[in-house]
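Please read the structure below before turning to the comments.
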Amino acid sequence: MSVEIFVTDKAGLQKFYEAIMANHETYAPVETFGKFDFKRVARLTECDPESPVAKTRSIKPLFFPRTSRVMKYIATSAGTDVSETDEDPLAVKRVILGAKHCDARALQVLDKVYNWDYIDTDYQKRRENTVIISTRCDKADTHCFCTSLDYDVENLDAMDVLIVNGADGKIYIRAKTEKGAGLLNSEVTRHASPVTEESATPELKKQYDAFAASFRLRMDYAEVNAKLSKIFDTPEFENVSGNCVSCNTCAFVCPTCHCFKISDEKVKDAGVRYKSYDSCNNGYFTLMAGGHNPRPAKYRRWRQRAMHKFVYYKERFGENLCVGCGKCTISCPVNISIFEVVNQVAQ
Amino acid sequence: MEQLLVPMICKVDKVIQETPDIRTYRLKFREEGMMDQFTYFPGQFVEFSLLGSGECTFCIASSATRKGFFDCSIKKAGVVTADIHTSLEEGDEVGIRGPFGNWFPLDDIKGKNLLFVGGGIGLAPLRSLIQYCTDNRNDYKDFTILYGARTSADMCYKDEIKEWQDNKTLKVVLTIDKPEETWTTNVGVVPKILEEVVKPVIENTMVITCGPPIMIKYTIQSLVKLGFADKDIITTLEMKMQCGLGKCGRCNIGSTYVCKDGPVFTNEQLKNLPDEF
């Protein structure tokens, strides 16, 4: 794919966004009670594609909904009648505006688990039909640490279209995939002008360097990963998890947590099966009938959470499961920070 | 994913009350011809739904060498299994997904002496392999089954055990935990009987064991003490599972998915897992 970069100003970018909303099913951050959630939008005034990273929830629910109906069934005298549920509303062609880099990266990481062995075709269809437009942050939030992990934030290829507020005050729009290039070809040309890679690169670099310099949190990922993989039995997990109230909020807001449960609900002879979010912080998560539980204590469940994020997933699928977005830390009612947990344990 | 969570419907063909709290359900697919497509190997499991109540993980307790049906032996232990025991009878319908997971290493055990060590409901996955191996008896050398239960009433598959005892090519050793008036053979926990009564030949022998976690632990210790190599000790793990597809994250032990990489493991593999099962 030839690199296509366009340059525009604030007004041009807004017109570009409006053109997308007019012609495509579009999702963007919409503010409700001080938090931004990705919702279906028709006009730019309804949303803020540049919503602050710390206040914006993940785009995960657009690919892995909080709850989905798996099937319906009816028991009749002739037998049980099982039917799959209606059309998937998330599998249509759509565009997401204002996704953060960490969110886009999270999907790239999740692709691995959904595409090994049994393929999750629903997830795959939702992914294929979605164009993700991601604006690079200008400044890190207090709890952000994406630049400390195992992926290259500057050259991230997890989004279809990259938008950068250049250091020169201009806005750069760059296609990162064929899908993204297709969208730009049809929507951007009237509102922005093409530029060469040579002229854009220094501006993008300057912006990235200023962004990278704004991080409060930094760690040596390779060292933390190596140390964690050797200290399963450390008592430090008891210290770091002591305050946890097992509310599972961290897992629900996490862009990469993907554990789910299957539950049935029945009224008389008809029932529905649901698939919904679950979390390894739940005491019953691994509890078996008969009472045996491999992770009966809270510190064991926190160890699973930290190790799955920083060791196990990396071992299995080659990527760190934590993307460093800080959402769990911001939402935690008792201020547990995954950054501090892994660093303290790896000490 | 969603369509992979939708079960196929099976009819309960027969219910066998094995012990006061274990029932074996013999199942047949409702849809004609489906049974022939349902190919499985000893050690694999299914997700079994009592629709409306919930879905549970059970190993398949029969062998595909016995055609036309498959068995699940279910111990009353939790919410769904209690519902199954109270409400699921002959002619009723259940949902089945599967088969899932890996299976016993059929190639590795060929031409070997086989030693089965089971406890309680843990005989269910072994029964699948025992049936498979007795149906191909000439492929194996000495064939020993050691089975223990808390009491004589708690022994599963009583009729089938009699068949095994009558089969002159099998050696069957039974034990119960505490003495009973009418019980004339061994009394004592499985590892003790293994060391004192069975005294197995080590050379060219593969051991397949399953039972309650505590029994597996001490049995493996005994086997290692007797001189068995870790790679010759095979067991099948009990873990909480839901999807069976390597997605829902419940059965992870370290980076291992028990539902995909297991449930059958050699002791050599188990030693490399974090101690969390």
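Residue numbers (the working numbering), protein chains in the order written: chain A, 1 to 347; chain B, 1001 to 1277. Cβ atoms here follow ideal geometry from the backbone N, Cα and C, with glycine treated the same way. Every value quoted in this text rests on a predicted model; they were computed, and no experiment measured them.
{"Item": "State yes or no: is the C-beta of B/MET1155 within less than 7 Å of the C-beta of B/VAL1190?", "Value": "no"}
{"Item": "What are the residues in the segment 195-225 of chain A lying within 8 Å of chain B by C-beta distance?", "Value": "none"}
{"Item": "Mapping the DSSP letters down to three states, classify B/ILE1009 as helix, strand or coil.", "Value": "strand"}
{"Item": "Should B/THR1081 be labelled buried (16 or more other beta-carbon atoms within 10 Å of its own) or exposed?", "Value": "buried"}
{"Item": "Using Cβ-Cβ distances below 9 Å, what residues of the segment 14-26 of chain A are close to chain B?", "Value": "none"}
{"Item": "How many Å lie between A/VAL245 and A/PHE237 at the Cα?", "Value": "15 Å"}
{"Item": "Measuring only the C-alpha atoms, how far is A/CYS332 from A/ARG305?", "Value": "14 Å"}
{"Item": "Please classify A/ALA346 as buried or exposed, where buried requires at least 16 neighbouring CB atoms within 10 angstroms.", "Value": "buried"}
{"Item": "Whole angstroms is fine: what's the gap from A/GLY283's alpha carbon to A/VAL334's?", "Value": "18 Å"}
{"Item": "What residue does the alpha helix (DSSP H) around A/VAL345 start on, and which one ends it?", "Value": "338-345"}
{"Item": "Which full runs of the beta strand (DSSP E) of 3+ residues lie inside the segment 25-52 of chain A, going along the chain?", "Value": "26-32 and 35-41"}
{"Item": "Taking Cβ to Cβ, would you say A/HIS191 is nearer than 7 Å to A/PHE16?", "Value": "yes"}
{"Item": "Can you list, in chain order, the residues of its chain whose CB lies under 8 Å from that of B/LYS1271, leaving out five sequence neighbours each side?", "Value": "ASP1230"}
{"Item": "Within the 7 Å Cβ cut-off, does A/MET159 reach chain B?", "Value": "no"}
{"Item": "In the DSSP assignment, what residue or residues form a beta bridge with B/LYS1014?", "Value": "B/ARG1026"}
{"Item": "Kindly indicate which three-state DSSP category B/LYS1231 falls into: helix, strand or coil?", "Value": "helix"}
{"Item": "Could you pull out every residue in the same chain whose Cβ sits closer than 8 Å to the Cβ of B/VAL1201, ignoring the five residues on either side in sequence?", "Value": "ASN1113 and ASP1142"}
{"Item": "If you follow the beta strand (DSSP E) that B/ASP1107 is in, where does it begin and where does it stop?", "Value": "Run containing B/ASP1107: none in the beta strand (DSSP E); it sits in the alpha helix (DSSP H), 1106-1109."}
{"Item": "Scan the segment 301-315 of chain A for residues whose Cβ lies nearer than 8 Å to a Cβ of chain B and list them as they occur along the chain.", "Value": "GLN304, MET307, HIS308, VAL311, TYR312, TYR313 and GLU315"}
{"Item": "Which residues bound the beta strand (DSSP E) around A/LYS266?", "Value": "260-267"}
{"Item": "Near B/ARG1250, what residues of its chain come up, given a Cβ to Cβ distance below 7 Å and the 5 sequence neighbours on each side ignored?", "Value": "LYS1240, MET1241 and GLN1242"}
{"Item": "Looking at chain E, is there any beta carbon in it that lies within less than 7 Å of the beta carbon of B/PRO1125?", "Value": "Absence of chain E from the displayed structure is noted, the protein chains being A and B."}
{"Item": "Do three or more CB pairs link the segment 1008-1020 of chain B to the segment 1072-1091 of chain B at distances below 8 Å?", "Value": "yes"}
{"Item": "So, helix, strand or coil for A/MET71, using DSSP?", "Value": "strand"}
{"Item": "At the 7 Å Cβ level, is A/CYS328 part of the contact set with chain B, yes or no?", "Value": "no"}
{"Item": "Quick check on A/TYR118: does DSSP put it in helix, strand or coil?", "Value": "coil"}
{"Item": "What do you get for B/GLN1017, buried or exposed, if any count of 16 or more other CB atoms within 10 angstroms of its CB means buried?", "Value": "exposed"}
{"Item": "Within 7 Å of any Cβ in chain A, is that where the Cβ of B/SER1255 sits?", "Value": "yes"}
{"Item": "Under 7 Å Cβ to Cβ from A/SER46, same chain only, skipping five residues before and after it: list those, please.", "Value": "In the sequence as presented, Ser is not what sits at residue 46 of chain A; that position holds Glu. Cβ neighbours of A/GLU46 beyond the five flanking positions: VAL30."}
{"Item": "Beta strand (DSSP E) containing B/ILE1176: first to last residue?", "Value": "1171-1176"}
{"Item": "Pick helix, strand or coil for B/THR1184, following the three-state DSSP scheme.", "Value": "coil"}
{"Item": "Quick test of your reading: A/ARG105 and A/VAL323, contact by CB under 8 Å. State the CB separation rounded to the nearest angstrom.", "Value": "5 Å"}
{"Item": "For the segment 270-290 of chain A, which residues have a beta carbon sitting closer than 8 Å to at least one beta carbon of chain B?", "Value": "GLY271, ARG273, LYS275, ASP278, CYS280, PHE285, THR286, LEU287, MET288, ALA289 and GLY290"}
{"Item": "Using only alpha-carbon positions, find the residue among B/LEU1106, B/THR1151 and B/GLY1120 that is nearest to B/ALA1077.", "Value": "B/GLY1120"}
{"Item": "Kindly indicate which residue of A/CYS280, A/GLY318, A/LEU13 and A/GLY169 has the alpha-carbon position closest to the one of A/LYS206.", "Value": "A/GLY169"}
{"Item": "CB-CB under 7 Å to A/ILE74, same chain, minus the five flanking residues each way: which ones, in chain order?", "Value": "ASP81, ASP269 and ALA270"}
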